[in-house]
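Visitor: Under this note's numbering, the first residue of the sequence shown carries the number 34, and numbering increases by one thereafter. Ideal Cβ placement from N, Cα and C applies to all residues, glycine included. Dumping the structure here so I can ask a few things about it.
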Amino acid sequence: MARAEHAQEVTLVRIGQKHLDFRRLRRIVCEAGPSEIRWRNSAILVSWGYVTEMTMDTPLWTPSPERAAGTNMTRFISWVREHTGVPVTDYASLYQWSTAQPEQFWPCVWDFCGVRASRRWDRVVVDGERMPGARWFKGAMLNFAENLLVKSDDTPAIITCDELGRRREVSWAQLARDVALLQRALRQRGVNAGDRIAGYLPNVHETVVAMLATASLGAVWSSCSPDFGVNGVLDRFGQIRPKVIFTTETYFYNGKRIECLERMRRVLEQLSDVETVVIVPYLDEATPGVLPNGVLYAEFLGTGKHGEPEYEPLSFNHPLYILYSSGTTGAPKCLVHGVGGTLLQHMKELVLHTDLKPVERIFYYTTCGWMMWNWLVTSLAVGATIVLYDGAPFYPQASALMDIAQRERVNVFGASARYLAALEKAGVKPARSHDLSSLRTVLSTGSPLAPESFEYVYRHVKGDVQLASISGGTDIISCFALGNPAGPVYRGELQCRGLGMKVEVFNEQGRSVFGEKGELVCTAPFPSMPVGFWNDPDGTKYRQAYFDRFPGVWAHGDYAEITEHGGMIIYGRSDAVLNPAGVRIGTAEITRQVETLPEVLESLAVGQEWDNDVRVVLFVKLREGLTLDDDLRERIRTVIRNNASPRHVPAKLLQVPDLPRTLSGKLVELAVRNVIHDRPVKNLDALANPEALAYFRDRPELRE
Numbered sequence: 034m035a036r037a038e039h040a041q042e043v044t045l046v047r048i049g050q051k052h053l054d055f056r057r058l059r060r061i062v063c064e065a066g067p068s069e070i071r072w073r074n075s076a077i078l079v080s081w082g083y084v085t086e087m088t089m090d091t092p093l094w095t096p097s098p099e100r101a102a103g104t105n106m107t108r109f110i111s112w113v114r115e116h117t118g119v120p121v122t123d124y125a126s127l128y129q130w131s132t133a134q135p136e137q138f139w140p141c142v143w144d145f146c147g148v149r150a151s152r153r154w155d156r157v158v159v160d161g162e163r164m165p166g167a168r169w170f171k172g173a174m175l176n177f178a179e180n181l182l183v184k185s186d187d188t189p190a191i192i193t194c195d196e197l198g199r200r201r202e203v204s205w206a207q208l209a210r211d212v213a214l215l216q217r218a219l220r221q222r223g224v225n226a227g228d229r230i231a232g233y234l235p236n237v238h239e240t241v242v243a244m245l246a247t248a249s250l251g252a253v254w255s256s257c258s259p260d261f262g263v264n265g266v267l268d269r270f271g272q273i274r275p276k277v278i279f280t281t282e283t284y285f286y287n288g289k290r291i292e293c294l295e296r297m298r299r300v301l302e303q304l305s306d307v308e309t310v311v312i313v314p315y316l317d318e319a320t321p322g323v324l325p326n327g328v329l330y331a332e333f334l335g336t337g338k339h340g341e342p343e344y345e346p347l348s349f350n351h352p353l354y355i356l357y358s359s360g361t362t363g364a365p366k367c368l369v370h371g372v373g374g375t376l377l378q379h380m381k382e383l384v385l386h387t388d389l390k391p392v393e394r395i396f397y398y399t400t401c402g403w404m405m406w407n408w409l410v411t412s413l414a415v416g417a418t419i420v421l422y423d424g425a426p427f428y429p430q431a432s433a434l435m436d437i438a439q440r441e442r443v444n445v446f447g448a449s450a451r452y453l454a455a456l457e458k459a460g461v462k463p464a465r466s467h468d469l470s471s472l473r474t475v476l477s478t479g480s481p482l483a484p485e486s487f488e489y490v491y492r493h494v495k496g497d498v499q500l501a502s503i504s505g506g507t508d509i510i511s512c513f514a515l516g517n518p519a520g521p522v523y524r525g526e527l528q529c530r531g532l533g534m535k536v537e538v539f540n541e542q543g544r545s546v547f548g549e550k551g552e553l554v555c556t557a558p559f560p561s562m563p564v565g566f567w568n569d570p571d572g573t574k575y576r577q578a579y580f581d582r583f584p585g586v587w588a589h590g591d592y593a594e595i596t597e598h599g600g601m602i603i604y605g606r607s608d609a610v611l612n613p614a615g616v617r618i619g620t621a622e623i624t625r626q627v628e629t630l631p632e633v634l635e636s637l638a639v640g641q642e643w644d645n646d647v648r649v650v651l652f653v654k655l656r657e658g659l660t661l662d663d664d665l666r667e668r669i670r671t672v673i674r675n676n677a678s679p680r681h682v683p684a685k686l687l688q689v690p691d692l693p694r695t696l697s698g699k700l701v702e703l704a705v706r707n708v709i710h711d712r713p714v715k716n717l718d719a720l721a722n723p724e725a726l727a728y729f730r731d732r733p734e735l736r737e
């Protein structure tokens with residue numbers, strides 16, 4: 034970057050050990066003319082009071098040499114050298130080897146992470162060049178539940194908390210007894226390998242037990258959160274026809290009691306082949322007679338000796354989970370994930386990329402309808418304690434989850450990017466108010482984590498943590514890009530591409546590019562690819578979902594960039610990319626700038642077809658009591674123009690009281706885009722707040 038004509042020296046404030054306060058910087062330069070300011074390896078170009086360009090070569094955080102040396106990632110690098118002779122020395126060389134030699138890499142993960150199997154494999158991969166079509170660990174026999182029940186002592190395996198203030202601690206020994214009892218009850222009801230067992234449950238201990246008992250038998254577990262309505266449940270469970278459903282009578286969210294049994298009764302009217310409905314009491318007020326074939330959880334377990342769980346040996350690709358796509362563009366896709374691929378991929382991510390250790394505690398704010406629940410529960414396979422929370426993240430106060438992190442001495446804390454942004458907007462500063470001395474890692478996913486949220490975490494949560502923004506999806510029940518505990522964290526970047534995941538970015542012509550925005554793809558098979566879609570015998574729907582655009586290459590649907598540091602930036606969904614005047618713009622490029630303003634709680638950008646082109650329309654949700662006046666409009670446009678580009682400035686800027694989101698909390702640009710073009714939204718039951726779409730209909734401003 035060329036030095037501007039009128040350079041000047043400016044002293045920047047350092048927060049923590051390795052952080053630049055960019056808001057302070059903007060105040061410092063607000064009176065400056067065009068200039069370039071340098072601080073160590075960073076360069077910030079200032080143009081008439083606004084930061085217009087930044088190059089950041091200085092990380093926000095770097096682990097100390099002692100901390101990096103003690104990570105599982107560093108130990109794995111040494112282990113690989115010792116056991117294979119491959120001369121890997123750092124993450125870059127390890128990643129290169131892992132994608133070039135998958136037949137060596139994945140067995141190393143298996144052995145280093147201690148996967149349990151009753152029989153090892155005959156071949157690591159068959160048809161390893163086919164995607165889809167590669168088959169992993171042919172001949173191996175294992176059981177998912179056996180790999181999660183790794184301890185039998187009286188230390189805590191699961192800690193559950195809820196917004197009513199209740200807390201429950203379950204030991205490893207008790208967890209094994211609970212699984213054994215439920216396993217016996219399911220077997221007595223005729224549950225066999227391949228049968229579907231469904232959960233319509235809150236995030237409680239019994240949900241984990243039900244999943245583990247199901248997996249121990251080789252049956253297939255599928256769950257959705259109780260905030261799904263009747264049609265949402267039928268769209269999912271109606272496709273897989275479960276033999277047994279676990280439900281609850283009620284749950285609480287944001288201080289409100291929400292009843293479930295009436296909804297389940299209506300579901301069962303159209304799922305008449307469900308043989309048993311097990312009611313897990315939330316407040317011990319349930320009565321089984323409300324539902325056909327209903328039985329209380331305690332009665333279903335019965336009496337007698339608990340014994341020990343028994344584990345059905347299963348092939349690597351035997352179905353374990355059925356997960357669902359969001360369903361915002363039609364009926365949800367039923368994604369079948371296998372026993373071995375799920376376990377091996379999760380172990381790699383938890384042990385190596387998250388550095389999780391057996392004595393630690395891990396928390397992720399999630400419901401049972403989001404894949405992060407499945408990911409969190411696999412932490413048991415490491416021997417770690419999982420901390421569950423059921424309720425609203427800001428109830429009864431904005432610091433609710435931080436209170437749990439402090440009280441339970443959480444080591445790894447995970448939540449959505451939206452949660453971290455909302456925490457900042459709420460003015461919560463845990464670094465001042467909480468003892469987070471146990472916390473060493475913060476995880477974020479669900480949507481791109483804005484650079485400003487990186488700053489917030491290091492300034493106001495904790496200065497010495499690994500902040501790992503991670504990205505993947507339900508489609509692969511894991512991540513394409515995530516954290517490296519032995520590496521630096523750069524503002525706005527995911528630290529690295531996942532080991533064994535040959536992730537690239539393709540341009541419009543299908544060529545791999547670095548340092549440019551394009552389609553996130555994976556060009557080689559990996560073990561956690563779906564076994565297939567349910568009710569898709571010839572694989573047609575599966576291939577259409579991921580392989581139509583680039584034959585033989587997984588196109589994930591994210592708009593991304595690989596950075597010079599080897600990390601990634603995610604700019605949003607590629608199917609929501611804006612294209613004004615032929616320029617491709619990721620929606621997050623706009624919204625992350627807008628949401629730096631304190632008046633703006635959330636924002637959503639879409640492209641509107643207009644005058645034989647596309648124009649950008651930005652909707653904003655403001656703090657209560659505020660109105661989008663001319664002054665705020667101009668400040669929004671200015672911050673976008675100067676921190677992104679003039680092409681990013683929306684043609685239309687409108688205020689709405691709420692933004693539509695999926696049940697897992699993701700904003701849905703496509704639904705809004707359909708509404709403003711008078712097109713139908715195919716599946717309203719996939720939305721947590723479908724009534725919000727009314728704010729986008731018949732807006733006269735969009736006809737001008």
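1) Helix, strand or coil, according to DSSP, for VAL242 in the structure here?
2) List the whole-angstrom C-beta distance separating LEU389 from ALA417, where the pair is believed to meet the contact cut-off of C-beta under 8 Å.
3) Quick check on THR573: does DSSP put it in helix, strand or coil?
4) Assuming ARG201 is part of the beta strand (DSSP E), what are its boundary residues?
5) Are the CB atoms of VAL443 and PHE487 within a distance shorter than 8 Å?
6) Give a yes or no on whether the C-beta atoms belonging to LEU735 and GLN626 are separated by under 8 Å.
7) State buried or exposed for PHE547, treating a residue as buried only when at least 16 other CB atoms are found within 10 Å of its CB.
8) So, using beta-carbon positions, are THR240 and GLY227 closer together than 8 Å?
9) Quick check on DSSP: helix, strand or coil for MET534?
10) Can you tell me whether DSSP reads VAL583 as helix, strand or coil?
11) In three-state DSSP terms, what is GLU702?
12) Just confirm the distance between the C-beta atoms of ALA519 and ALA101, as a whole number of angstroms; I'd bet it's less than 8 Å.
13) Quick one: grab the DSSP three-state call for ASP54.
14) Can you list, in chain order, the stretches of the beta strand (DSSP E) that have 3 or more residues and sit fully within the segment 289-356?
15) For the beta strand (DSSP E) containing TRP254, name the first residue and the last one.
16) Report the three-state DSSP secondary structure of GLN688 (helix, strand or coil).
17) According to DSSP, simplified to helix, strand and coil, what is PHE279?
18) Using the beta-carbon count (16 or more within 10 Å), is GLU292 buried or exposed?
19) Jot down the residue ranges of each uninterrupted beta strand (DSSP E) in the segment 172-234, minimum 3 residues, whole runs only, in chain order.
20) Here's the rule: buried if 16 or more other CB atoms are within 10 angstroms of the residue's CB, otherwise exposed. What is ASP144?
21) Go to GLY374, then tell me how far its alpha helix (DSSP H) extends in each direction, as first and last residue.
22) Which same chain residues, not among the five before or five after TRP205, have their C-beta less than 7 Å away from its C-beta?
23) Just verifying my parser: in three-state terms, what is the DSSP assignment at PHE513?
24) Assuming VAL310 contacts GLY327 (C-beta within less than 8 Å), just tell me the rounded distance between them.
25) Assuming ILE618 contacts ARG680 (C-beta within less than 8 Å), just tell me the rounded distance between them.
26) If you drop the 5 nearest sequence neighbours on each side, which residues of the same chain put their C-beta closer than 6 Å to that of HIS710?
27) Give me the Cβ distance between LEU347 and GLY479, rounded to the nearest whole Å; I'm assuming they're in contact under 8 Å.
28) Just grab the DSSP bridge partners of GLY506 for me.
29) Below 7 Å CB to CB, which residues in the same chain sit around GLY271 once its five sequence neighbours on both sides are set aside?
30) Counting pairs of beta carbons, one from the segment 340-358 and one from the segment 464-484, are three or more of them closer than 8 Å?
31) From PRO484 to GLN542, what does the alpha carbon distance come to, in whole angstroms?
32) Distance, Cα to Cα, LEU686 vs VAL650?
33) Rounded to whole angstroms, what is the Cα-Cα separation between GLY424 and ASP195?
34) Applying the 10 Å Cβ sphere with the 16-neighbour rule, what's the burial state of TRP81?
35) Mind checking who GLY605 pairs with in its DSSP beta bridge?
36) Three or more C-beta pairs under 8 Å: does that hold for the segment 488-497 against the segment 557-564?
Guide: Working from what's here:
1) VAL242 sits in a helix when the DSSP states are folded into three classes.
2) Indeed they touch by this definition, with Cβ atoms about 5 Å apart.
3) In this structure, THR573 counts as helix in the three-state DSSP scheme.
4) Residues 200-204.
5) Between PHE487 and VAL443, the gap from beta carbon to beta carbon reaches 8 Å or more.
6) With contacts defined as CB atoms closer than 8 Å, LEU735 and GLN626 fail to qualify as a contacting pair.
7) Of the residues assessed, PHE547 falls on the exposed side of the cut-off, its CB having fewer than 16 other CB atoms within 10 angstroms.
8) The Cβ-Cβ distance between THR240 and GLY227 does not fall below 8 Å.
9) Correct three-state label for MET534: coil.
10) For the record, residue 583 in the displayed sequence is Phe; it is not Val. Of the three classes helix, strand and coil, the one that applies to PHE583 here is coil, per DSSP.
11) Helix at GLU702.
12) With 8 Å as the limit, ALA519 and ALA101 qualify as a contact, their Cβ atoms being about 4 Å apart.
13) With a pLDDT of only 43 at ASP54, under the threshold of 50, the placement of this residue in the model should not be trusted, and no figure is reported.
14) Listed in chain order, the beta strand (DSSP E) runs fully inside the segment 289-356 are 289-292, 309-313, 327-329, counting runs of at least 3 residues.
15) For TRP254, the uninterrupted beta strand (DSSP E) segment begins and ends at 253-257.
16) Here GLN688 sits in strand by DSSP.
17) Of the three classes helix, strand and coil, the one that applies to PHE279 here is strand, per DSSP.
18) Flag for GLU292 reads exposed.
19) The DSSP assignment places complete beta strand (DSSP E) segments of no fewer than 3 residues inside the segment 172-234 at 189-195, 200-204, 229-233, in order along the chain.
20) Flag for ASP144 reads exposed.
21) Annotation: the continuous alpha helix (DSSP H) that includes GLY374 extends over 372-380.
22) LYS184, SER185, ASP186, THR188, ALA190, listed in sequence order.
23) In this structure, DSSP gives PHE513 an extended state, which the three-state scheme calls strand.
24) With a beta-carbon spacing of about 5 Å, VAL310 and GLY327 fall inside the 8 Å limit used to define contacts.
25) In this structure ILE618 touches ARG680 by the C-beta definition: roughly 7 Å separates them, less than 8 Å.
26) For HIS710, where only same-chain residues beyond five positions count, there are no Cβ hits under 6 Å.
27) A Cβ-Cβ separation of about 31 Å leaves LEU347 out of contact with GLY479 under the 8 Å criterion.
28) SER511, per the DSSP bridge assignment.
29) Spatial neighbours of GLY271 in its own chain (CB-CB distance under 7 Å, excluding positions within 5 residues in sequence) are listed in chain order as GLN303, LEU304.
30) Counting Cβ pairs under 8 Å, fewer than three are found: no touch.
31) Computed Cα separation, rounded: 30 Å.
32) If I take the Cα positions, the gap works out to 6 Å.
33) In this structure, the CA atom of GLY424 is about 6 Å from the CA atom of ASP195.
34) Its pLDDT being 36, under 50, TRP81 is placed unreliably by the model, and the measurement read from it follows with that caveat. Exposed: under 16 other Cβ atoms inside 10 Å.
35) DSSP, once it has assigned bridges, lists TYR592 as partnering GLY605.
36) Contact fails: fewer than three Cβ-Cβ distances are below 8 Å.
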